[in-house]
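Note that the protein sequences, when read in sequence, are chains P and G. Mapping to the numbering used here: the first sequence position 18 is 47, numbers consecutive. Mapping to the numbering used here: the second sequence position 427 is 456, numbers consecutive. Accompanying notes for the structure given below.
There are 2 protein chains.
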Amino acid sequence: MKKIPLLFLLIPILGFAQNSDENQLSNIYKSALTNSKCYSWLDYMSNNIGPRLSGSTGAQKAVEYTKAQMESSGNYDKVYLQEVMVPKWVRGEKETAYILNNKKKIIVPICALGGSIATPGKGITAEVIEVHSMEELKSFGTEKIKGKIVFFNRPMDPANVEAFRSYGGAGDQRRAGALEASKFGAVGTIVRSLAFRLDDFPHTGGMWYGDIPASQYIPAAAISTNGAELLSKTLKQNPNLKFYFKQSCHKEEDVLSYNVVGEIKGTEHPEKIIVVGGHLDSWDLADGSHDDGAGCVQSMEVANIFKNIGYKPKNTVRVVLFMNEENGGRGGDKYQELAQKNKEDHIFAMESDSGGFTPRGFSLECDQTNFNKISGWKNLFEPYLIHSFTMGHSGSDIEALTSTKLVKVGLKPDSQRYFDYHHAANDTFDAINKRELELGAATTTSLIYLIDKYGIE
Amino acid sequence: MKKIPLLFLLIPILGFAQNSDENQLSNIYKSALTNSKCYSWLDYMSNNIGPRLSGSTGAQKAVEYTKAQMESSGNYDKVYLQEVMVPKWVRGEKETAYILNNKKKIIVPICALGGSIATPGKGITAEVIEVHSMEELKSFGTEKIKGKIVFFNRPMDPANVEAFRSYGGAGDQRRAGALEASKFGAVGTIVRSLAFRLDDFPHTGGMWYGDIPASQYIPAAAISTNGAELLSKTLKQNPNLKFYFKQSCHKEEDVLSYNVVGEIKGTEHPEKIIVVGGHLDSWDLADGSHDDGAGCVQSMEVANIFKNIGYKPKNTVRVVLFMNEENGGRGGDKYQELAQKNKEDHIFAMESDSGGFTPRGFSLECDQTNFNKISGWKNLFEPYLIHSFTMGHSGSDIEALTSTKLVKVGLKPDSQRYFDYHHAANDTFDAINKRELELGAATTTSLIYLIDKYGIE
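What follows is the structure in structure tokens.
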């Protein structure tokens, strides 16, 4: 008998494995596009529950709804809650603001930034100084800033193709603007909304006062991009104009809330855990359909697709809907605390928290070996137009998660439209495209299927 | 002196060329994202001019506006019109329709298909037979169809990732449904709108009667997807229900119209021509921002970007805004007729006519050698998330175009949302994202730059 090299014997087997993965991905995408529940789950969360800021009634209803849906689905071996104390910040009455230019009042749309204190009851009226960076702020110093409202007006850089890069590049103004301006005696801050588009929506988002004493806290609000353009233009004509704004937001006692967890026990390695999730809380101005209702229902869809295609994972798969990503990250921290306490072995964690738009690829937080392994599956994803495999941040809710060996991944949808809606009143269900949402669920499921089957290095 | 292999001498040169292309693409994308005019051109076309069906006042205004913009831009050596006689079809009064179920009238949204005849003045009332394919239609035959309205209700297949594939798979119902149903004595056809989404917009589009005698023409209308679902459900409850519809559309005499052409003379090979275009006409129900206002302004942006980055093409570059793609294709035919008459040498033609969404890649109509050459530029496009290089259809307006050696390409944007708007009343400017539009212009310009520089094989 002629000797046949081992390689040739392996080819049919490898070929079959590849073919079987191709079939399985085809089944996954077909299930998502023709037989999914994520769109109707999101419809309910967005249109029947609505905004879900931590500590709100909406957040509690969302916990109950998703838990009930997971339980009744029959997709899990176990559904449970993880208790977590979350901060409660309340916006109060709708904010008002105007530019006071030679006694003419020009009303502009603002909203308090999340975590900000209120203005005094009668509001704040003060002169405005426009700044574009923390360096410029410092160069102005107390002399020019004291007693004024600091207007942070550096736009998101339109030149980046990846919108998140521009968000990262402008975010300091929102997060730390009040903290820094307070040091020079400012009485308040108005921040240009973190959005590319010129429109009338103010975009909220988290801010903090760092370790300055509470007596030095100053109120912080976002102004719509159109409002920012108008204020800047009017300031050029009249540097002595005044700005008025009033907001009545406040912080209350921490509230008991929950992460929602659905678990499918692994058939071969039940002790090895794969996590997929999004965050259940949203900002309060809208129902957070993109941020991050989409990520929650896509994660729930993973279990639904596995049932539909008859796939039983070898490792334990946990769908986790984290609480409090927006203003505290307590859900993610609690998850890690419990994982550590219970000595759990997490091998893979994936988050979808960049909107429900057409998926483009994955942002991989791992070593080079695992990066190469996962990138090696590119050809499997090609038919579904998933091309982008890059090293990068995975997700806020899995940031705290650590384990002996752990690969973390963020789903990477198309980013161009995300900041049209992010943290604003128009992040609503009508901005969701059913197919784009489903394709994100299928892409997530496909990667989890491959990780479950082939493991990590 | 030690001999240095030729390859090593070449590396710095090749390296430099590659680097220079990288820089040039970077300049192109930056220009598009920070200094483009396409969005404001489209704003004007959509919101100040509006619908541009061939032969309409809107179409004529669009010819005049784009010609004037091209002329005043200083981007071209020559701007001119190509005369072309186009068909004129007029919708007339808004259509009405209802399901008549046991004397209960349920109003449903319809619109006449482009090219259809009117109903008699009092409308048509008849029983309905639902069919899902031409085969099923034939199997029913005259016996079951005569005197009835044929309701074509095969949805676009949601299982395809590429939306255009599903459009192709369902399009026969709209284009040839009336023609085929007429052969079995139907009195009219109602066609499910070619859209994935369940909503209340009827989507128009071209249909033809082939070579059946005019006496056998029957009126054809599209019904919204929600309307189709309702009609189908009601039919199951009551197969003898009747359907009423009335439309007063008609055809008028052909009208003189124009392709708009802007030309940049090539510095080295003025006789070699590169064409980039979209179609200026739209359907009449909306302003056609995606179909194909986007393609027109992206093509005009190519010349604007070349000026901004100081690039002078070696070959002649022509921006062509074709007339009458939607219901005749006369503009494309005329362009080819003149090219042939003038013995022009076209080397490359590119069309953007798939919406103004995030660009994903190119659909290449060429031989394998040129496909390999263009695909070889993938790495240059990678930073801009342009990944998809496939063989396929390029564009309707350049379909007729032939030359000794000619590569044809269609810009391939993300397709998931396109059919939410296509040919319907919601294809309006608010559905356009500025950055997505600009990225499409940059992607088009980049490919034209590379083709201009390196030629075709």
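Even for Gly, the Cβ is constructed at its ideal location relative to N, Cα and C.
What is the DSSP secondary structure of residue i, counted as helix, strand or coil?
| i | result |
| --- | --- |
| T473/G | helix |
| W406/G | coil |
| S145/G | coil |
| C395/P | coil |
| T63/G | helix |
| T457/P | coil |
| W312/P | coil |
| E156/P | strand |
| G44/G | A caution first: G44/G carries a pLDDT of 46, below 50, which makes its placement in the model unreliable, though a value can still be read off. Three-state DSSP puts G44/G in a helix. |
| T296/G | coil |
| A188/G | coil |
| K151/G | coil |
| F272/P | strand |
| A368/P | helix |
| H422/G | coil |
| E380/G | strand |
| H319/P | helix |
| S244/G | helix |
| D374/G | strand |
| R389/P | strand |
| K463/P | helix |
| S417/G | strand |
| I303/G | strand |
| I485/G | coil |
| N52/P | helix |
What residue does the beta strand (DSSP E) around residue i start on, and which one ends it?
| i | result |
| --- | --- |
| E282/G | 279 to 293 |
| F180/G | 178 to 181 |
| M236/G | Unbroken run through M236/G: none, as it is neither H nor E. |
| N130/P | 125 to 130 |
| S163/P | Checking the sequence, you will find Met at residue 163/P rather than Ser. Note, M163/P: premise wrong, no beta strand (DSSP E); alpha helix (DSSP H) at 163 to 174. |
| I219/P | 217 to 221 |
| R347/P | 344 to 351 |
| G439/G | 436 to 442 |
Mind listing the chain P neighbours of residue i? Cutoff is C-beta to C-beta under 8 Å, in chain order.
| i | result |
| --- | --- |
| T63/G | P187, A188 |
| L468/G | V190, Q445 |
By the criterion of Cβ-Cβ separation under 8 Å, what are the contact partners of residue i in chain G?
| i | result |
| --- | --- |
| K463/P | F225, R226 |
Going along the chain, which residues of its own chain have a beta-carbon closer than 6 Å to the beta-carbon of residue i, five neighbours each way excluded?
| i | result |
| --- | --- |
| P299/G | T345 |
| A224/P | H232, T254, F448 |
| T474/G | I57, V331, I334 |
| S65/G | E330, E467 |
| F45/P | Low confidence applies here, because F45/P scores a pLDDT of 48, under 50, leaving its location unreliable; read the following figure in that light. Taken in chain order, the list of residues that qualify is empty. |
| G206/P | F181, T218, V220 |
With residue i as the anchor, note down where its alpha helix (DSSP H) starts and where it stops.
| i | result |
| --- | --- |
| Y450/P | 447 to 450 |
| G198/P | 192 to 211 |
| I338/P | 323 to 338 |
| V12/P | The requested residue 12/P is not part of the displayed model; chain P covers only 30 to 486. |
| K133/G | Note, K133/G: premise wrong, no alpha helix (DSSP H); beta strand (DSSP E) at 133 to 136. |
| A257/P | 254 to 266 |
| G87/G | 86 to 102 |
Between residue i and the rest of its own chain, which residues show a CB-CB distance below 8 Å, the 5 nearest in sequence each way excluded?
| i | result |
| --- | --- |
| Y17/G | The first residue shown for chain G is 30 and the last is 486, placing residue 17/G beyond what the model contains. |
| F400/P | L393, F418, M420 |
| G103/P | K336 |
| S425/P | H308, E354, G358, G361, E380, D382 |
Against residue i, what residues of chain G qualify as contacts under a CB-to-CB distance less than 7 Å, listed in chain order?
| i | result |
| --- | --- |
| T387/P | D443, Q445 |
Under the criterion of a Cβ to heavy atom distance below 8 Å, does residue i qualify as lining the ligand SAH?
| i | result |
| --- | --- |
| T218/P | Among the components modelled here there is no ligand, and therefore nothing to report on the ligand SAH. |
Report the neighbours of residue i on chain G: residues whose CB is nearer than 9 Å to its CB, in chain order.
| i | result |
| --- | --- |
| Y413/P | V190 |
In its own chain, which residues sit with a C-beta less than 7 Å from the C-beta of residue i, not counting the 5 before and 5 after it?
| i | result |
| --- | --- |
| R120/P | A141, C278, D313 |
| E191/G | S444 |
Using a Cβ cut-off of 7 Å, pull out every chain P residue sitting near residue i, in sequence order please.
| i | result |
| --- | --- |
| Y450/G | Simply none; closest approach about 11 Å. |
| K59/G | A188 |
So does the segment 265 to 281 of chain P actually touch the segment 106 to 113 of chain P, counting three or more Cβ pairs closer than 8 Å?
-> no
Stretch pair the segment 384 to 399 of chain P + the segment 355 to 364 of chain P: three plus CB contacts closer than 8 Å = no
Taking 8 Å as the threshold, find out whether the segment 259 to 278 of chain G comes into contact with the segment 84 to 101 of chain G through three or more Cβ pairs.
-> no
Touch test, the segment 174 to 184 of chain G against the segment 136 to 151 of chain G, Cβ-Cβ under 8 Å, three pairs minimum | no
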